[in-house]
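Take a look at the structure set out below.
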Amino acid sequence: MSVLVNKDSRVIVQGFTGKEGTFHASQMIEYGTNLVGGVTPGKGGQSHLDRPVFNTVAEAVEKAQADTTIIFVPPAFAADAIMEAADAGIKIIICITEGVPTKDMSAVKNYISDKNCRLIGPNCPGVITPDGAKCGIMPGFVFKTGKVGVVSKSGTLTYEAADQVVKAGLGITTAIGIGGDPIIGTTTKEAVELLMNDSDTEGIIMIGEIGGTMEADAARWIKEHGTKPVVGFIAGQTAPKGRTMGHAGAIVGGDDDTAEAKMKIMSECGIHVVASPADLGSKMKEVLA
Amino acid sequence: MNLHEYQGKQILSSYGVGIQRGMVATTPEEAVQVAKQLTEETGTGWHVIKAQVHAGGRGKGGGVKLAKNLDELKSHAENILGMQLVTPQTTAEGKTVHQVLIAEDVYYPGESETSEIYMSVLLNRATGRNMIMYSTEGGMDIEEVAEKTPHLIFTEEIDPATGLLPFQCRKVAFNLGLEGKAFKEMTKFVACLYKAYDGADASLFEINPVLKTSDDKIIAVDAKVSIDDNALYRHKDYAEMRDVREEDASEVEAGEYGLSYVKLDGNVGCMVNGAGLAMATMDIIKHAGGNPANFLDVGGTADAARVEQAFRIILKDDNVKALLVNIFGGIVRCDRVAQGVVDAYKNIGEINVPLIVRLQGTNATEAKKLIDESGLEVHSVILLQEAADKVAEVLA
Chain D
1 MSVLVNKDSR VIVQGFTGKE GTFHASQMIE YGTNLVGGVT PGKGGQSHLD RPVFNTVAEA
61 VEKAQADTTI IFVPPAFAAD AIMEAADAGI KIIICITEGV PTKDMSAVKN YISDKNCRLI
121 GPNCPGVITP DGAKCGIMPG FVFKTGKVGV VSKSGTLTYE AADQVVKAGL GITTAIGIGG
181 DPIIGTTTKE AVELLMNDSD TEGIIMIGEI GGTMEADAAR WIKEHGTKPV VGFIAGQTAP
241 KGRTMGHAGA IVGGDDDTAE AKMKIMSECG IHVVASPADL GSKMKEVLA
Chain R
1 MNLHEYQGKQ ILSSYGVGIQ RGMVATTPEE AVQVAKQLTE ETGTGWHVIK AQVHAGGRGK
61 GGGVKLAKNL DELKSHAENI LGMQLVTPQT TAEGKTVHQV LIAEDVYYPG ESETSEIYMS
121 VLLNRATGRN MIMYSTEGGM DIEEVAEKTP HLIFTEEIDP ATGLLPFQCR KVAFNLGLEG
181 KAFKEMTKFV ACLYKAYDGA DASLFEINPV LKTSDDKIIA VDAKVSIDDN ALYRHKDYAE
241 MRDVREEDAS EVEAGEYGLS YVKLDGNVGC MVNGAGLAMA TMDIIKHAGG NPANFLDVGG
301 TADAARVEQA FRIILKDDNV KALLVNIFGG IVRCDRVAQG VVDAYKNIGE INVPLIVRLQ
361 GTNATEAKKL IDESGLEVHS VILLQEAADK VAEVLA
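Line by line, the protein sequences give chains D and R.
When the letters of the first sequence are read in order and numbered with our numbering, they come out as residues 1 to 289.
When the letters of the second sequence are read in order and numbered with our numbering, they come out as residues 1 to 396.
This is the structure we're talking about:
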């Protein structure tokens, strides 16, 4: 088992024929992802990387039975691409694009709230289930099959965690990069919940960073409903205050906002918090022993 | 992107939000000239001189003064222009004042008492919706109000499908205890303010204070406005409002090379790919007994030229006693970064601080070989823990 994506996922790429889309689609095909085609408006009917190109997502769903999409379109068009996928009935929407305006994402969040889909990202590295499907931009070889699920806001820090877990001899079920933007489709708590309900996942690594309350919300959920050990880390213990967060935003976030406060809440909720990011793998090995 | 008060007010005013009117000046002579013009246009007798810098608490640092005549005005403008303004939100060094806003006096006496209100518009990250936060306790430090009298802070969340609705504007005005003309003016103020926030792709509006004048007008006396950087492509006119003098020179330079850099005051410089790993690397430095001198994300295309530029920027800081490169190669190939390190070392010439290079991921082995064979005095490590140990060792 795994979550979100596996070898049976029927994956398309939106922004298929662009530079980014082409490069990463090739990488995904090479990894073994079941890529059934892609969408570039106006290029429907063509073939790209030996896969069909469609004009619309609806067409890709109808003709190629697509159920998962990865979005590489430029920031100005990303919100539209997500909503098109949701409207077409795509179940798993992964948006890699960085730099989507917050206002656009607010509209997206509202639009997809009553659709039967799950959005991951934007501004994320994607999702990978080793030996099943790589739906993202991560280096596939770092991730080996195993029993630990990873949830992270950050790309390279996800790779770091996976590398440590694999070197500790544990391996990965699914790694989910949820993205670091103010508005994202799937929260830390939701991603953790997916992994808690996955029978193959025995332990979870949860990596957060300063800003917002998602880690604290996840920690409180874990305290109530957790059935597996969770190892946690918050990046930004040494980050200066107020550089990325608005003045008034810090009030709303309240005391849950700093790395220190988040780590304290996580510890209180029974999460095995590591102070150093170098200890993620060894700590997971210790708690699963 | 942060804006000056006068720029923020320009945006508000363009959406019909009532503001304290004013004009900007860069010399004392110009200050006098615009003050005369302002009196003609508004009838104001007194003027307020306000330093234009990107920091709150300007009044506390002597950056806001009231002038009752033009002589006073000129003397205040002389004192404020060019001063190093230190406020609770700046460094001890303060910020140089390049411009002053000459504004009308809005606290004139009249039929009713004036009152100050706090109002901000921002994103509620928990719901993904914007909200208006407001309080009767205007003119004060809002953190203090939140701590001591949280029941005096109200919020109103906006449904993105409908926008701010008239009943919500009325609710704000009722909660602020307003009546009559002031009530009506407030509903209009709130409606226009939200329209401005939405239309301008703002990420923060903080209006402290909003003033109810003695003749029951509602106006923004101050304006802290930030625009969503990701949306600037559709607001070219706002993008031009950027004042790079308000930003750290090294950070501006780094931005020109596509590097995300924040200067800090520690002793260990670092160059990393990815924001999360960059913050984690800063944390590792702290755990190893050092202090991070910067945050630096080289981004997804860390080629030799960028690496060299990053080195030059980090090494400008004399406090840097060691430099840690931490790259986890995904798309970025480690051997290319390694080549960048070797080239940078040769091109820059003297690098007098120990250099620790940790390259992991795509082509890490080739990268380590490249560095080891370069003959440079570089500490090459593979694991994150080894990097931490090495930092501790070179600082000892």
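We treat Cβ as the ideally placed atom computed from N, Cα and C, and that holds for glycine.
Which stretch, first to last residue, makes up the beta strand (DSSP E) that contains residue 270 of chain R? Sequence index remark: in the second sequence, residue 270 of chain R carries index 270 (1-based). Here the beta strand (DSSP E) through residue 270 of chain R covers 268-272.
Express the C-alpha separation of residue 145 of chain R and residue 283 of chain R in angstroms, rounding to a whole number. Taking the second sequence and counting its residues from 1, the one referred to as residue 283 of chain R is at position 283. Taking the second sequence and counting its residues from 1, the one referred to as residue 145 of chain R is at position 145. In a straight line, the C-alpha of residue 283 of chain R is about 33 Å away from that of residue 145 of chain R.
Just tell me which of D:112, D:199, D:24 and D:165 has its CA closest to the CA of residue 92 of chain D. The count along the first sequence starts at 1 and reaches residue 92 of chain D at position 92. Considering only alpha carbons, the answer is D:112.
Give me, in chain order, the residues of the same chain whose beta-carbon lies closer than 7 Å to that of residue 88 of chain R; leave out the 5 immediate sequence neighbours on both sides. Numbered from 1 along the second sequence, position 88 holds the residue referred to as residue 88 of chain R. Around residue 88 of chain R: 57 and 60.
By DSSP's criteria, residue 122 of chain R is part of a beta bridge. Which residues make up the other side? Counting from one through the second sequence, the residue named residue 122 of chain R turns up at place 122. In the DSSP secondary-structure assignment, residue 122 of chain R is bridged to R:131 and R:204.
Please determine if the stretch 23-39 of chain R and the stretch 234-243 of chain R are in contact, where contact requires at least 3 C-beta pairs separated by less than 8 Å. No: fewer than three Cβ pairs fall under 8 Å.
Alpha carbon of residue 127 of chain R to alpha carbon of residue 212 of chain D, nearest angstrom: Mapped onto the second sequence, residue 127 of chain R falls at position 127. Mapped onto the first sequence, residue 212 of chain D falls at position 212. For residue 127 of chain R and residue 212 of chain D, the distance between alpha carbons rounds to 11 Å.
With a cut-off of 8 Å on the beta carbons, I'd call residue 35 of chain D and residue 5 of chain D a contact; round off their distance for me. Sequence index remark: in the first sequence, residue 35 of chain D carries index 35 (1-based). Sequence index remark: in the first sequence, residue 5 of chain D carries index 5 (1-based). Rounded, the Cβ-Cβ distance is 12 Å, inconsistent with contact.
If you drop the 5 nearest sequence neighbours on each side, which residues of the same chain put their C-beta closer than 7 Å to that of residue 31 of chain D? Start at 1 with the first residue of the first sequence, and residue 31 of chain D comes out as number 31. Correct list, in chain order: 134 and 140.
Simplified DSSP assignment, three categories, for residue 167 of chain R: Residue numbering aside, residue 167 of chain R sits at position 167 when the second sequence is read from its first letter. Helix.
When you compare only the Cα positions, how much space is there between residue 377 of chain R and residue 159 of chain D? Sequence index remark: in the second sequence, residue 377 of chain R carries index 377 (1-based). Sequence index remark: in the first sequence, residue 159 of chain D carries index 159 (1-based). Their backbone Cα atoms lie some 28 Å apart in a straight line.
At what residue ranges does the stretch 182-262 of chain D contain a whole run of the alpha helix (DSSP H), taking only runs of 4 or more? Look at the stretch 182-262 of chain D and you find these whole runs of alpha helix (DSSP H), each 4 residues long or longer: 188-196, 214-225 and 247-253.
Under 8 Å: do the stretch 182-192 of chain R and the stretch 76-83 of chain R share three or more Cβ pairs, one atom per stretch? The way I'd put it, the stretch 182-192 of chain R doesn't touch the stretch 76-83 of chain R; fewer than three beta-carbon pairs between them come closer than 8 Å.
If we cut at 8 Å on Cβ distances, does residue 249 of chain D have a partner in chain R? By 1-based counting over the first sequence, the position of residue 249 of chain D is 249. With a pLDDT of 35 at residue 249 of chain D, under the threshold of 50, the modelled position of this residue cannot be trusted; read the value that follows with caution. At least one chain R Cβ lies under 8 Å of residue 249 of chain D.
Just to confirm my understanding: we take residue 170 of chain R, look at its own chain, exclude 5 residues before and 5 after, and list those with CB closer than 6 Å. What are they? Here residue 170 of chain R refers to the residue found at position 170 when the second sequence is read from its first residue. Taking residue 170 of chain R as the centre and dropping the five residues before and after it, the same chain places the C-beta of 187 closer than 6 Å to its C-beta, in chain order.
Which one or two residues does DSSP pair with residue 322 of chain R in a beta bridge? Locating residue 322 of chain R in the second sequence gives position 322, where the first residue counts as 1. DSSP lists R:268 as partners of residue 322 of chain R.
How would you list, in chain order, the residues of chain D whose beta-carbon sits under 8 Å from the beta-carbon of residue 329 of chain R? Residue 329 of chain R sits at position 329 when you count from the first residue of the second sequence. Proximity of chain D to residue 329 of chain R at the Cβ level (cut-off 8 Å) is accounted for by 139, in chain order.
Residues sharing a beta bridge with residue 294 of chain R, DSSP: Position 294 of the second sequence, counted from the first residue, corresponds to residue 294 of chain R. By DSSP's assignment, residue 294 of chain R forms a beta bridge with R:263.
Using a Cβ-Cβ cutoff of less than 6 Å, which residues in the same chain neighbour residue 255 of chain R once the five nearest sequence positions on both sides are dropped? Taking the first residue of the second sequence as position 1, residue 255 of chain R is located at position 255. The same chain holds no residue with a CB closer than 6 Å to that of residue 255 of chain R once the five nearest residues on each side in sequence are set aside.
Per DSSP, residue 360 of chain R is paired with what? For this step, residue 360 of chain R is matched to residue 360 along the second sequence. Beta-bridge partners of residue 360 of chain R (DSSP): R:328.
Measure the C-alpha to C-alpha separation of residue 252 of chain D and residue 155 of chain R and round it to an integer number of angstroms. In the first sequence, counting from the first residue as 1, residue 252 of chain D sits at position 252. In the second sequence, counting from the first residue as 1, residue 155 of chain R sits at position 155. With a pLDDT of 37 at residue 252 of chain D, under the threshold of 50, the modelled position of this residue cannot be trusted; read the value that follows with caution. Distance from the CA atom of residue 252 of chain D to the CA atom of residue 155 of chain R, rounded to whole angstroms, is 10 Å.
Which residues in chain D sit within 7 Å of residue 385 of chain R, going by Cβ to Cβ distance? In the second sequence, residue 385 of chain R corresponds to position 385, counting from 1. Within 7 Å Cβ-Cβ: 278.
Going by C-alpha distance, which of D:82, D:115, D:117 and D:39 is nearest residue 104 of chain D? Here the question's residue 104 of chain D lines up with position 104 in the first sequence. Considering only alpha carbons, the answer is D:82.
Check distances from the C-beta atoms of the stretch 153-172 of chain D to those of chain R and list, in chain order, the residues that come in under 9 Å. The residues in question are 153, 154, 155, 156, 157, 158, 159, 160, 163, 164 and 167.
Figure out for me which residue from D:225, D:197, D:198 and D:189 has the closest Cα to the Cα of residue 208 of chain D. For this step, residue 208 of chain D is matched to residue 208 along the first sequence. The option with the nearest alpha carbon to residue 208 of chain D is D:189.
Euclidean distance between Cα positions of residue 145 of chain D and residue 7 of chain D: Walking along the first sequence from the start, residue 145 of chain D turns up at place 145. Walking along the first sequence from the start, residue 7 of chain D turns up at place 7. Approximately 13 Å between the Cα atoms of the pair.
Member of D:52, D:285, D:149 and D:102 whose CA lies at the smallest distance from the CA of residue 185 of chain D: Translated into positions along the first sequence, residue 185 of chain D becomes position 185. Closest in alpha carbon position to residue 185 of chain D, among D:52, D:285, D:149 and D:102, is D:102.
So residue 46 of chain D contacts chain R; which residues on that side make the cut at Cβ distance below 8 Å? Looking up residue 46 of chain D in the first sequence gives position 46. Neighbours of residue 46 of chain D on chain R: none; closest Cβ ~26 Å, over 8 Å.
Quick check on residue 252 of chain D - is its C-beta less than 8 Å from some C-beta in chain R? If you number the first sequence from 1, residue 252 of chain D lands on position 252. Here the model assigns residue 252 of chain D a pLDDT of 37, short of 50, so the residue's position is not dependable, and the following value carries that caveat. Judged by the 8 Å Cβ criterion, residue 252 of chain D is in contact with chain R.
Rounded to whole angstroms, what is the Cα-Cα separation between residue 371 of chain R and residue 314 of chain R? In the second sequence, the residue the question calls residue 371 of chain R occupies position 371. In the second sequence, the residue the question calls residue 314 of chain R occupies position 314. When rounded, the distance between both Cα atoms is 20 Å.
The beta strand (DSSP E) with residue 340 of chain R in it runs from where to where? Reading the second sequence from its first residue, position 340 is the one you call residue 340 of chain R. Per DSSP, residue 340 of chain R belongs to no beta strand (DSSP E); it is in the alpha helix (DSSP H), 334-348.
Under a CB-based cut-off of 8 Å, is residue 246 of chain D close to chain R? Position 246 of the first sequence holds residue 246 of chain D. Unreliable placement is indicated for residue 246 of chain D, whose pLDDT of 29 sits below 50; the coordinate value is still reported in the next sentence. Residue 246 of chain D belongs to the set of residues whose beta carbon lies under 8 Å from a beta carbon in chain R.
Taking the Cβ atom as the reference point for each residue, do residue 221 of chain R and residue 11 of chain R lie within a distance shorter than 8 Å? The sequence position of residue 221 of chain R within the second sequence is 221, counting from 1. The sequence position of residue 11 of chain R within the second sequence is 11, counting from 1. Going by C-beta atoms, residue 221 of chain R is not nearer than 8 Å to residue 11 of chain R.
Exposure label - residue 237 of chain D; buried when at least 16 CB within 10 Å: Counted from its first residue, the first sequence places residue 237 of chain D at position 237. With at least 16 other beta carbons inside 10 angstroms of its own, residue 237 of chain D counts as buried.
Comparing C-alpha positions only, which one of D:54, D:235 and D:87 sits nearest to residue 258 of chain D? Along the first sequence, read from residue 1 onward, the residue named residue 258 of chain D stands at position 258. Comparing alpha-carbon positions, the option among D:54, D:235 and D:87 lying closest to residue 258 of chain D turns out to be D:235.
Residue from R:236, R:100, R:258 and R:270 whose Cα sits closest to the Cα of residue 320 of chain R: Along the second sequence, read from residue 1 onward, the residue named residue 320 of chain R stands at position 320. Residue R:270 is the option with its Cα nearest to residue 320 of chain R.
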